[in-house]
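First comes the structure, then the notes that go with it.
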Amino acid sequence: MVAIRIAGVTKRFGTHVAVNNLSLSVPEGAVYGFIGPNGSGKTTTLRMILNILVPDQGEIEVLGRKDLRAAKDEIGYLPEERSLYKKMKVRQALRYFGALKGMRRRDLDPRIDAWLERFDLVKWADKKIETLSKGMSQKVQFIATVVAEPRLVILDEPFSGLDPVNADVLREAVLELHRKGSTVVFSTHDMEMAEKLCDVIFMIFRGNKVLDAPLDAIQKQYGEDTIRLRLGAGAPAIEGLPGVRGVRDYGNYKEVRYAGDPQALLQLLATRASVQHFEIARPSLHDIFVRIAGPEAAEVKRV
Amino acid sequence: MSKIWTVAVAEYVLAVKTKAFVISVILMPIMMGGMIALKPLLENNRDISDQKIAVVDRSGAELVASLAAAAEKRNAEAIREKSSGEQIHPRYLVETPDAAALAGKSDPEIQLALADRVRNGELHAYLWIEQGVLEASPTAKASFHARSTSGDLRQWLGAQLTENVQRKRFEGEELDALKKKLAPVAIVPQELAVRTEEGTIQVGVVDTKGMQTGVGVGLGMLLFMLIMSGAPRQLNCVVEEKMNRVSEVLLGSVPPFDLMMGKLISSVGVSLTLGVLYVAGGYGVLNHFDLGALLDPQLFIWFTLYTIAGVFLFGSLFTAIGAACSDLNDAQSLITPVMLVVMLPMFVWPQVIEEPNSSFAMIASLVPFATPMLMVTRQAIPPGPLNAWEPYVGLGLCVAMAIFCVFAAGRIFRVGLLSHGQAPKLTQLVKWVFKS
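As they're listed, the protein sequences go chains U and B.
By my numbering, the letter at position 271 of the first sequence is numbered 264, and the numbering carries on one by one without gaps.
If you want my numbering, it's the 1-based position in the second sequence plus 9.
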């Protein structure tokens, strides 16, 4: 079954085309990564799925329903910017957001208790949200998103600003939702997290779909032209060597795009410096993203 | 519908838990109860210690003795409550300065000595009667000196001094007879004569129109206050939700129109809660003074209907502005034209109160934005609007306008809530209403 079906959707704001003839199919139970540069049409797409915005053209079906208003109760949405009523108490806010999803108090309360327990927030249940730390309010916002056990969860940058411990707690919660059968749409700029979590990556650039495939397939598509290497101190620059098209310095290692025989490059480097690490790798999602949307990006190639 | 109620209940609970609301509610019984309770309380705690007054008379009319006699008479007859005999006013003790003590001293020196006695608490005040008072010399006067020159004592002394000087001036003549001849004619407001159901003609009923006008003005003011306390709060709330990005989460769960309706219903709830408390408090006060009949129950029903229509009407406008703006500063420029409309009834209120059944008052009270405040005022002032249809038509037009405003605000709300950046101009808002 398909959780989200988008068919030929276009959305314009005045003369600006925010989303251009987009078609997408998110299978139920998948963790689908939405990536794309700022202003590329990601949030507009999410808002159309949530029926906050209406497409100018095309059709959207969510959880088998064409009437998206009817699907709202089965969608949990965590927006990028944390948004809670500061004057509300934690439990009160969770009850409110749960009730907006059509849940009754008696069904909500045990779930709220369980989530608060899990996130170590029990003692904050009757405190006002304005008294919480950023991490705590982020966890409360996450609970508000999932407390009604939605079939489709849309998370926009859920881990931004979280320390590693809290990020792990939240990531485990997302994976548990996935294991229980929820479809997770995960919008992020954190390519590493997208690589780790997502079954399928969808990338939108200037309103057009430019990627929509499992990570493995995308990496295959972009070839094995990436070499990770670490050279000893005092090594001369490798930019300008024959076949080297781009060098990205990550400090501990360099990532090089190389057209040619990697063995030839290794031999060449060995004559110039001490080679401490040499790895033929697939391009990272980060690298693919930059190739598509970076300053040197060519024309948009729709898929 | 259930989501509208969920929003309405949550917003209502949030609103009634604010300090502003709690203060409004607490203030009401304090104000109403205070009027009843404070009066005897203040009377019971009045300072009734003796007040000694030195009187220096330079008029040559020997007024001190008559003032002292008047004070004694007052102390004997007018300082106790008649039923209980309890003293409720201070005794006035008039003192004539010792002639020996005054001898050889200039007037400024005497005044300084008396002033010192006032300062050290020996005297409450002193009265200096100048020469020429008896002859009604234009520059002659009596001066009163005390640490506080306000209060009953100065007034009492003034009245007694005038009385005694007048008697001296008319010595040998029939002052009382003359006063009788000069007595003014009182004009007492009374109701128009009516034939009762028993067939008798009823005249001489004391006119309470003045008090009923007061009730009308009070209800109109209360209505204005209820609307003005609810609508701007709604604007702040929407702007805050927008700034905190709560609106985006809410829109993910609730359609924009339902969200706005929930907010408006919560506003109506808050306004009616306050309105009922205040009207009930007002009725309690009126009833305490045996004036409960001034507040007609039917008038209260109209008041409730106007409050509901008014909150929807103005609340929707303020909510739409809140949705269109990204912060409160932006909202200021858009609020101005709406505030002018809100203030409209205040500008014409005096004329409406003066002539509640003039053509002007009738037309003004049929303008939907002014109907709630003006019509309820006109209905409270007897005999009420001349045509029975006027309140119905007024309310009908007001409801129709409220429905239009809610519809238009819904359009602005839907578009505005997601728009960030520069505030739209009025023309753009109109475009949102008709083109979105």
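Heads up, the beta-carbon is just placed ideally off N, CA and C, and yes, glycines get one too.
None of the values given here were measured: they were computed from a predicted structure.
Which chain B residues sit within Cβ distance under 8 angstroms of residue i?
i	result
U/S175	Result: empty, since nearest Cβ-Cβ is about 16 angstroms, beyond 8 angstroms.
U/L93	K12, T15, V16, L259, S262, V263
U/M81	L23
List, in order along the chain, the chain B residues whose C-beta lies closer than 9 angstroms to that of residue i?
i	result
U/R62	P264
Hey, out of the options, whose CA is closest to residue i's CA?
i	options	result
U/G233	U/L261, U/P151, U/L208, U/K213	U/L261
U/R265	U/F6, U/E52, U/A230	U/A230
U/D119	U/R88, U/V140, U/F135	U/R88
B/L303	B/V376, B/T222, B/A340	B/T222
B/G160	B/N296, B/L322, B/Y101	B/Y101
B/R420	B/I330, B/P346, B/M220, B/V288	B/I330
U/K35	U/M196, U/D205, U/G236	U/M196
B/P381	B/E363, B/N366, B/A411, B/R242	B/A411
U/E24	U/L224, U/Q256, U/A206	The sequence shown places Val at residue 24 of chain U, not Glu. For the residues U/L224, U/Q256, U/A206, the minimum Cα distance to U/V24 belongs to U/A206.
U/N44	U/V162, U/A107, U/I122, U/I(-1)	U/I(-1)
U/K202	U/L17, U/V10, U/I(-3)	U/L17
B/E249	U/I53, U/N13, U/E21, U/K79	U/K79
B/P391	B/L170, B/Y401, B/E364	B/E364
B/M252	B/I32, B/L427, B/L23	B/L427
U/D49	U/L71, U/T3, U/D242, U/V19	U/T3
B/T171	B/V277, B/L383, B/R254, B/L76	B/L76
B/Q341	B/K12, B/E206, B/K434	B/K434
U/G32	U/G26, U/V12, U/V19	U/V12
U/M(-6)	U/G69, U/F6, U/V55	U/V55
B/F179	B/V194, B/E144, B/G293	B/E144
Taking C-beta to C-beta, are residue i and residue j nearer than 9 angstroms?
i	j	result
B/S325	B/M269	yes
B/S262	U/K82	no
U/K213	U/R275	yes
U/I194	U/L278	yes
U/L168	U/I220	no
B/G291	B/I236	no
B/A134	B/L162	yes
U/L208	U/K247	no
B/Y21	B/S275	yes
B/F378	B/L337	no
B/W137	B/S152	yes
B/P99	B/I39	no
B/F369	B/V361	yes
B/R242	B/V212	no
B/T316	B/L281	yes
U/H182	U/G22	no
U/T299	U/I(-3)	In the structure as shown, chain U begins at -6 and stops at 296. Residue 299 of chain U is therefore absent and cannot be evaluated.
U/Q134	U/N159	no
B/D9	B/V424	Beyond the ends of chain B as shown, which are 10 and 445, falls residue 9 of chain B; an answer cannot be given.
U/S153	U/L39	no
B/L308	B/A389	yes
Under 7 angstroms Cβ-Cβ, which residues of chain U neighbour residue i?
i	result
B/A19	Y89
If I'm right that residue i touches residue j with Cβ under 8 angstroms, what's the distance once you round it to whole angstroms?
i	j	result
U/A187	U/I28	6 angstroms
U/I281	U/F198	That belief does not hold up - the Cβ atoms of U/I281 and U/F198 are roughly 11 angstroms apart, past 8 angstroms.
B/E519	B/I62	Absent from the structure is residue 519 of chain B, since the part of chain B shown begins at 10 and ends at 445.
B/V226	B/T386	6 angstroms
B/V127	B/S68	Rounded, the Cβ-Cβ distance is 21 angstroms, inconsistent with contact.
B/F356	B/A240	Going by Cβ atoms, the distance from B/F356 to B/A240 rounds to 18 angstroms, so no, they are not a contact pair.
B/L300	B/M220	6 angstroms
U/I122	U/A86	6 angstroms
U/D149	U/E73	4 angstroms
So which residues on chain U does residue i lean against when the C-beta distance must stay under 8 angstroms?
i	result
B/L427	R40, I45, L46
State yes or no: is the C-beta of residue i nearer than 8 angstroms to some heavy atom of the ligand FAD?
i	result
B/R100	Here there are no bound small molecules, and the ligand FAD is not part of this structure.
Please list the residues of the segment 63 to 78 of chain U that have a C-beta atom closer than 9 angstroms to any C-beta atom in chain B, keeping them in chain order. K65, D66, I68, G69, Y70, L71, P72, E73, E74, R75, S76, L77, Y78
Closer than 8 angstroms, Cβ to Cβ, to anything on chain B: give me those residues from the segment 108 to 132 of chain U, in chain order. none
Between the segment 233 to 257 of chain B and chain U, which residues of the former have CB atoms less than 9 angstroms from a CB of the latter, in chain order? E249, E250, N253, R254, V255, S256, E257
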